[in-house]
Amino acid sequence: MTAIAENDASAKTNGVLNAWQSLLARIDAELRVLAAHPARSVVLLPYAQLMPLAARLWAARFPDAFAPRFETTRNWAARAGWFTPGPHDISFDHGRDLLTAAALLEAAGLAAQRALLAGPLVEQVTQLGQIAASLPPALRPDWAEQARAALPPVGDGPLALEAAVGRIAVAWAGNSDYATDVLFAPRVANALDALLIVPGLLPDPLAETLAEHYFEKAVLLNVQPDAAPGQIALHACADAEDEAERAAACVLRHIEAGRVPVALIAGDRLLTRRIGALLAERGVRAGEALRDETGWKLSTTHAAAQLMAALHACAPRASTDDVLDWLKLAPAFDAQQQRRLERHLRRHAVRGWPQAAAMTADQPLTQQIESLRAPMHAPRPLADWLPALRALLQGCGLWPLLAADVAGNAVTDALGLGDEALADWRDWPAAQRRMGLAEFTRWVGEALEAASFRPPHPAQAQVVVLPLAQLLGRPFAALVLPGADEQRLPAAPEPPGPWSAAQRQALRLPTRDDLRDAQAAAWALALRVPHADVLWRHADDNGEPLLPSPLVQSLQLQELAAPGTEAREARFIQMEPTARPQPRGDALPTQPLSASGYEMLRACPYRFFALRQLALAEEGELDVDIDKRDWGNWLHDTLRGFHEALRAAPGADRLALIDAAADAATQALGPSLEPGEFMPFAVAWPRLRDAYLAWLATHEASGATFALAEEAIDAERGALRLKGQIDRIDHLADGAPLLIDYKTEPLTRTRERIKAGNEDTQLPFYALLAGADAPRAAYLNLAEREAPSLLELPELPMLAAQLYEGMAHDVARIAAGEPLLALGEGSVCDWCDARGLCRKDFWNAE
Numbered sequence: 001m002t003a004i005a006e007n008d009a010s011a012k013t014n015g016v017l018n019a020w021q022s023l024l025a026r027i028d029a030e031l032r033v034l035a036a037h038p039a040r041s042v043v044l045l046p047y048a049q050l051m052p053l054a055a056r057l058w059a060a061r062f063p064d065a066f067a068p069r070f071e072t073t074r075n076w077a078a079r080a081g082w083f084t085p086g087p088h089d090i091s092f093d094h095g096r097d098l099l100t101a102a103a104l105l106e107a108a109g110l111a112a113q114r115a116l117l118a119g120p121l122v123e124q125v126t127q128l129g130q131i132a133a134s135l136p137p138a139l140r141p142d143w144a145e146q147a148r149a150a151l152p153p154v155g156d157g158p159l160a161l162e163a164a165v166g167r168i169a170v171a172w173a174g175n176s177d178y179a180t181d182v183l184f185a186p187r188v189a190n191a192l193d194a195l196l197i198v199p200g201l202l203p204d205p206l207a208e209t210l211a212e213h214y215f216e217k218a219v220l221l222n223v224q225p226d227a228a229p230g231q232i233a234l235h236a237c238a239d240a241e242d243e244a245e246r247a248a249a250c251v252l253r254h255i256e257a258g259r260v261p262v263a264l265i266a267g268d269r270l271l272t273r274r275i276g277a278l279l280a281e282r283g284v285r286a287g288e289a290l291r292d293e294t295g296w297k298l299s300t301t302h303a304a305a306q307l308m309a310a311l312h313a314c315a316p317r318a319s320t321d322d323v324l325d326w327l328k329l330a331p332a333f334d335a336q337q338q339r340r341l342e343r344h345l346r347r348h349a350v351r352g353w354p355q356a357a358a359m360t361a362d363q364p365l366t367q368q369i370e371s372l373r374a375p376m377h378a379p380r381p382l383a384d385w386l387p388a389l390r391a392l393l394q395g396c397g398l399w400p401l402l403a404a405d406v407a408g409n410a411v412t413d414a415l416g417l418g419d420e421a422l423a424d425w426r427d428w429p430a431a432q433r434r435m436g437l438a439e440f441t442r443w444v445g446e447a448l449e450a451a452s453f454r455p456p457h458p459a460q461a462q463v464v465v466l467p468l469a470q471l472l473g474r475p476f477a478a479l480v481l482p483g484a485d486e487q488r489l490p491a492a493p494e495p496p497g498p499w500s501a502a503q504r505q506a507l508r509l510p511t512r513d514d515l516r517d518a519q520a521a522a523w524a525l526a527l528r529v530p531h532a533d534v535l536w537r538h539a540d541d542n543g544e545p546l547l548p549s550p551l552v553q554s555l556q557l558q559e560l561a562a563p564g565t566e567a568r569e570a571r572f573i574q575m576e577p578t579a580r581p582q583p584r585g586d587a588l589p590t591q592p593l594s595a596s597g598y599e600m601l602r603a604c605p606y607r608f609f610a611l612r613q614l615a616l617a618e619e620g621e622l623d624v625d626i627d628k629r630d631w632g633n634w635l636h637d638t639l640r641g642f643h644e645a646l647r648a649a650p651g652a653d654r655l656a657l658i659d660a661a662a663d664a665a666t667q668a669l670g671p672s673l674e675p676g677e678f679m680p681f682a683v684a685w686p687r688l689r690d691a692y693l694a695w696l697a698t699h700e701a702s703g704a705t706f707a708l709a710e711e712a713i714d715a716e717r718g719a720l721r722l723k724g725q726i727d728r729i730d731h732l733a734d735g736a737p738l739l740i741d742y743k744t745e746p747l748t749r750t751r752e753r754i755k756a757g758n759e760d761t762q763l764p765f766y767a768l769l770a771g772a773d774a775p776r777a778a779y780l781n782l783a784e785r786e787a788p789s790l791l792e793l794p795e796l797p798m799l800a801a802q803l804y805e806g807m808a809h810d811v812a813r814i815a816a817g818e819p820l821l822a823l824g825e826g827s828v829c830d831w832c833d834a835r836g837l838c839r840k841d842f843w844n845a846e
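Once you know that position 681 of the sequence shown is 681 in full-length UniProt numbering, the rest is easy, because the numbers rise by one and skip nothing.
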């Protein structure tokens with residue numbers, strides 16, 4: 001522990017250091033009874049964090065005496081001899097064990113289920129391996145035989161695969177060698193005078209076996225402090241964020257009061273990380289004033305995200321989003337080229353990278369990307385995948401970033417990307433099986449998910465993040481325990497694994513009773529800390545109610561705790577509502593005007609200012625589903641292609657022509673269109689097609705002929721410059737032009753557009769745009785479930801003149817500096833892209 005804890009008066013009052021003094025005195029006495037030399041004696045501790053504290057306290061109590069070796073079983077084994085797992089041994093390295101598991105499943109005839117069963121097999125053998133490792137190698141076959149007898153027989157029923165996995169796990173665990181086997185070796189026994197064992201909260205099978213093995217030299221000790229409960233404060237919180245804020249405030253209050261170090265119990269890693277982020281905002285950062293002994297999943301670090309982004313981008317069918325994510329993380333790609341490429345792909349909504357690469361094959365950035373992706377496509381053994389991954393990271397510039405980052409080093413170490421590790425992979429038989437990129441990517445992800453990252457430990461920490469069970473023997477001045485609800489702090493934790501209670505007993509795995517007793521003992525240690533804050537929330541993230549932990553409820557019934565006081569500081573902030581924006585647009589261009597642009601000006605002048613004059617726009621989505629708008633665009637393209645083909649070949653089969661135009665329009669929808677995605681609209685097309693051909697025959701019988709489709713016009717009309725695209729222009733029997741705008745909306749809505757008094761401006765605008773002397777204009781409704789209807793707008797010249805007068809007046813007002821107000825009225829605000837810019841939701845009440 002830190003020197004802060006040893007010198008803090010409040011830390012001493014909890015009895016932990018007094019218990020250590022009693023323990024050290026007993027160790028000294030036992031060594032004398034056994035006539036053991038301290039330097040040839042080992043004191044086994046339950047976890048490594050106690051080792052420096054024990055050594056320091058011994059040196060303080062017996063400054064002139066030899067010291068025994070304070071070890072854990074793992075540390076002792078590492079000092080006693082170097083161990084390298086064999087080809088089929090459990091390594092307790094998730095990535096390596098996954099490969100061995102796959103090989104064992106394949107040898108057992110389960111190659112088809114390898115991807116499904118490898119993970120569960122590693123989970124089971126990791127637990128069984130700890131039990132098997134606790135036995136001398138000579139007794140391990142007997143344990144394996146007993147374990148097999150406790151498992152169900154392998155059959156062909158619904159649990160056949162589960163039974164097979166269990167038996168493979170037992171055989172694997174029973175036939176492995178372990179690093180701790182050296183502790184049973186004669187040379188270790190000859191060098192050992194005494195073995196003093198300090199048990200933890202859970203039974204330790206290896207420590208128990210060592211006590212039996214060295215029965216003449218072994219002594220069991222106890223470090224349990226004998227102290228009354230401290231000052232316990234209970235905090236019931238509203239939700240997860242409230243709980244995190246109050247926990248962080250409790251930690252800060254203890255620091256300000258000088259009650260350090262503070263134990264922050266990590267029962268819920270997501271909650272603990274949120275608390276850590278809040279503490280970091282106040283200067284209590286990991287690696288500086290905070291020591292995190294639990295860490296977090298390596299897969300959640302930025303370094304792991306960078307590496308996984310590179311792998312996902314190399315998939316043969318990678319999405320455009322995946323590749324763009326990689327480009328933004330990797331420094332080898334030019335930022336300006338990347339932005340241009342992204343704008344181009346978003347404009348065309350290209351969701352798949354293979355299509356995007358084909359579309360931009362002539363661009364240098366695409367060529368650079370493909371040169372890095374190409375070597376990652378062919379299947380190969382894992383021993384060859386890892387050098388290829390390293391070359392990919394070097395090529396895209398991520399390798400130096402990982403090398404300069406602590407978490408990046410942890411990522412490369414976990415995957416074995418260093419020079420020595422790559423050589424070891426080539427000697428590992430399980431790494432010689434060929435796999436594709438998808439399987440390799442999955443293996444990398446699982447290896448990073450199973451590994452933990454722990455930031456560097458500061459020499460002296462004000463806050464220590466640790467599990468509840470590791471309070472044993474730790475002197476803390478204060479404790480903050482968030483997550484004390486019925487889900488995160490049960491009285492009897494659920495045992496991991498698929499085994500029944502009887503099987504767990506036969507396999508010597510911890511039972512539910514063992515876990516319950518350990519939880520109760522850890523809870524008792526928490527209550528003995530001089531100052532403790534216990535927090536829980538009333539509801540989970542879905543709003544479902546939560547009760548306090550049964551341990552908390554028992555505490556409340558015994559009236560051993562008091563309600564906690566609010567540790568957060570209340571701040572009074574003066575409300576400052578936002579006024580409606582009133583920008584001027586006279587310094588910005590207002591022309592050319594389009595029909596949609598002028599409609600935007602009429603609906604909300606501020607919207608026109610933001611989206612047209614400033615040309616602000618949201619970036620398009622890459623992964624978008626086909627919607628009604630795409631259907632309308634497709635119909636426009638289909639009818640244009642059909643009429644142009646029909647004009648070129650008037651005598652051709654109209655049904656064949658329109659079907660060919662429909663196929664061409666479907667291809668033009670986008671190269672990344674998934675098969676079947678357009679099917680809902682394709683189903684409706686034959687009925688609409690036939691109805692349209694029938695309507696066209698009637699329309700042409702009146703003397704009308706097709707002239708132009710999708711005609712783009714940009715022209716001066718008096719003082720105004722107008723631009724737009726007219727869907728279709730026909731010539732009537734008298735030669736007058738008929739302007740047609742397609743509508744795929746319900747027929748009733750189109751009829752509303754042409755009613756007297758309606759303020760629809762689209763057809764009058766088209767009339768001004770066309771510039772004809774006496775044009776006529778109509779909407780052609782092409783709703784999916786109704787017959788095509790041509791609805792002509794009456795009094796078109798008068799409406800066009802009125803529209804022109806209104807547009808000229810509005811443009812003049814803008815030029816004169818008239819403010820472009822944000823109206824904030826009607827449904828126009830519901831889906832407005834400028835809503836966040838005008839801050840409508842924060843306007844002051846008027």
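Beta carbons are placed, not taken as given, at the ideal position from N, Cα and C, and that holds for glycine.
Nothing here was measured: the structure is a model prediction, and the numbers come from that model.
Asked, Found
"Reference Ile275, options Leu481, Ala189, Ala111, closest by Cα", "Leu481"
"Among Val811, Gln591, Asp760, Ala309, the one whose alpha carbon lies nearest that of Thr441", "Ala309"
"8 Å contact criterion, which Arg291 and Pro458 should meet: CB distance rounded", "6 Å"
"Backbone secondary structure at Ala263 - three-state DSSP", "strand"
"Run of the beta strand (DSSP E) containing Cys237, from where it starts to where it stops", "231-237"
"Cβ contact check for the stretch 757-777 and the stretch 589-607: 3 or more pairs under 8 Å", "yes"
"Ordered list of beta strand (DSSP E) runs contained in the stretch 44-132, each at least 3 residues", "69-71"
"Nonlocal neighbours in the same chain, by C-beta distance under 7 Å from Thr13, ignoring five residues either side", "Reliability of the predicted coordinates at Thr13 is poor, the pLDDT of 45 falling under 50, and the value obtained from them is presented with this limitation in mind. Excluding sequence neighbours, Thr13 sits near Pro530."
"Euclidean distance between Cα positions of Gln231 and Ala561", "7 Å"
"Cα-Cα separation, Ile265 to Ala532", "11 Å"
"Segment limits, alpha helix (DSSP H) that includes Ala664", "654-668"
"Residues near Trp843 in its chain [Cβ-Cβ closer than 8 Å; skip 5 each side]", "Pro577, Thr578, Ala579, Arg580, Gly824"
"Inter-residue Cα distance where the pair is Glu212 and Arg187", "17 Å"
"Pick from Ala78, Asp93, Asp540 that is closest to Ala236, judged by C-alpha positions", "Asp540"
"Residue 880, DSSP secondary structure in three states", "One cannot answer for residue 880 here, as it falls past the ends of the chain, which runs 1 to 846."
"Pro199, buried or exposed, once every other Cβ within 10 Å from all chains shown has been counted against 16", "buried"
"CB contact flag (Val43, Leu196, <8 Å)", "yes"
"Enclosing alpha helix (DSSP H) for Leu311 [first to last residue]", "302-313"
"Three-way DSSP call (helix, strand, coil) for Leu17 in this model", "helix"
"Beta-carbon proximity of residue 848 to Arg246, cut-off 8 Å", "Look at the range of the chain in this structure, 1 to 846, and you will see that residue 848 is not part of it."
"His531 (DSSP reduced to helix, strand or coil)", "strand"
"Span separating the alpha-carbon of Pro354 from that of Asp362", "14 Å"
"Buried/exposed call for Glu71, threshold 16 Cβ in 10 Å", "buried"
"Backbone CA spacing between Gln336 and Thr320 [nearest angstrom]", "17 Å"
"Assigned secondary structure, Leu588 (DSSP; H/G/I helix, E/B strand, else coil)", "coil"
"Check: Glu644 C-beta below 7 Å from any heavy atom of the ligand MN", "Although the ligand MN was asked about, the structure shown includes no ligands whatsoever."
"C-beta neighbour in chain C for Arg32, strict 8 Å", "In the structure shown, chain C cannot be found, because there is only a single protein chain."
"Residue from Trp695, Ala103, Ser549, Val165 whose Cα sits closest to the Cα of Pro120", "Val165"
"Terminal residues of the beta strand (DSSP E) in which Gly470 lies", "The sequence given here has Gln at residue 470, not Gly. Looking at the DSSP string, Gln470 is not in any beta strand (DSSP E), and its letter there is neither H nor E."
"Residue ranges of each alpha helix (DSSP H) within the stretch 535-574, 4 or longer", "550-557"
"The beta strand (DSSP E) enclosing Lys628, as first and last residue numbers", "Segment 628-648 is the alpha helix (DSSP H) holding Lys628; no beta strand (DSSP E) there."
"Cβ contact (3+ pairs, closer than 8 Å) linking the stretch 404-420 and the stretch 284-303", "yes"
"Val260 burial status per 10 Å Cβ neighbour count (16 or more: buried)", "buried"
"Inter-residue CB distance, Asp485 and Ser549 (contact presumed, cutoff 8 Å)", "6 Å"
"Three CB pairs or more closer than 8 Å across the stretch 451-465 and the stretch 27-45", "no"
"Under the three-state DSSP convention, the category His348 falls into", "coil"
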